[in-house]
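S.K.: Before anything else, here's the structure in question.
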Amino acid sequence: MRLRPVTESDLDRLEEMFVDPDAIGVFNWGGFTDGTVWRKRFEENRLLSEDRSVLMVELDGTALGFVSWNKIRTGQFSHVFEFGISLWPAHRGKGHGSAAQLQLARYLFAHSTVHRIQAGTELDNIAEQRALEKAGFTREAVLREYSFRDGAWRDEVLYRMLRPELPMP
Ligand SMILES: CC(C)(COP(=O)(O)OP(=O)(O)OC[C@H]1O[C@@H](n2cnc3c(N)ncnc32)[C@H](O)[C@@H]1OP(=O)(O)O)[C@@H](O)C(=O)NCCC(=O)NCCS
C-alpha cells in the first residue's frame, strides 16, 4: 500500500463521493455539497498545501480511497494535524483503513516537525475506532454532542498519536 498525490483522473470519483451517502460513508455524509470544490483546489495546488492536503490510498495500482488532514493552530509557535479517511465501500473491512492511517502517521511525522496528530470519529463508528487503535492511536477523550449530523448532535471520540508514540516499523 502507498499514499500518493491526487491526479486528474481521481477527481470524478472524489466528486461522486459527495453526492452519494453510501460512497462517502454514513458518518461522513452531511448532505449534498459542491463537489467541484475538489477540482478547484486541485487546479490551485493539487490538493497539497501547508494547511490542508489530500492523498490517495493505493494498493497494487488501485485507488482504495483517500486520507486528508488540516493544520490546527494550538499556540503562537505550535500546531497539530487533524486527519480523516474514507475508503470506497468495496475496500472497507479488509484492514486497509488501519494500514492507511498508520502510513499517514509515518508520512506526517517524516515530512513535518509536527509533534501531535489526531482524529475524531463518532462514538458509533466502531470500524474507525478499531482501525485507529490497530494503527497505534490512543483513545483520549469523548466529546459530548460535538457535531451535528442527520438530525442529531453526535458524541465524538478523539484519538491521538504523539511523535514518540509512532510504532516502530
Ligand atoms: C472507517 C474505515 C476507514 C475503517 O477502515 P477499514 O479498512 O474498513 O477497517 P479495518 O478493516 O482496518 O478494520 C477495523 C476493525 O473494525 C472492525 N469493523 C469493521 N466494520 C465494523 C463494524 N461495522 N462494526 C464493528 N466493527 C467493525 C473490523 O473487524 C476490524 O477489527 P478487527 O481487526 O479487530 O476485526 C472505513 O471503513 C471507511 O472508510 N469507512 C467510511 C468512512 C468513515 O467512516 N471514515 C471515518 C470517519 S471519521
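Using numbering that gives the first Met the number 0, read the sequence shown as starting at 0 and increasing by one per residue. Think of the CB as a built atom: it goes at the ideal place given N, C-alpha and C, for glycine as much as any other residue. Every value quoted in this text rests on a predicted model; they were computed, and no experiment measured them.
(1) Looking at the secondary structure, which residues open and close the alpha helix (DSSP H) in which P88 lies?
(2) Check whether the Cβ of H95 sits closer than 7 Å to any heavy atom of ligand 1, and report yes or no.
(3) Could you tell me the distance, in whole angstroms, from the CA atom of Q75 to the CA atom of P88?
(4) On the CB-based measure, 16 or more other CB atoms within 10 Å of its CB, does M0 come out buried or exposed?
(5) Look up V56 in the DSSP assignment and give the residues it is bridged to.
(6) So does T73 have its beta carbon nearer than 7 Å to some heavy atom of ligand 1?
(7) In chain order, what residues of the same chain have a beta carbon less than 8 Å from the beta carbon of H78, not counting five sequence neighbours either side?
(8) State the DSSP-derived secondary structure class of E144, mapped to helix, strand or coil.
(9) Who are the near neighbours of L13 in its chain, counting only those whose CB is closer than 6 Å to its CB and skipping five residues on each side?
(10) Which value, in whole angstroms, describes the spacing of the CA atoms of S48 and L103?
(11) Quick one, which of R51, Y158 and A98 has its alpha-carbon nearest R40's?
(12) Kindly confirm or deny that the segment 125 to 136 and the segment 1 to 21 touch, where touching means at least three C-beta pairs closer than 8 Å.
(13) Check each candidate in G94, E164 and T32 and name the one with the smallest Cα separation from R105.
M.R.: According to the structure data:
(1) That residue, P88, is in no alpha helix (DSSP H); it is neither H nor E in DSSP.
(2) yes
(3) 40 Å
(4) exposed
(5) L2 and G64
(6) no
(7) K70, I71, R72 and V113
(8) strand
(9) W37
(10) 15 Å
(11) R51
(12) no
(13) E164
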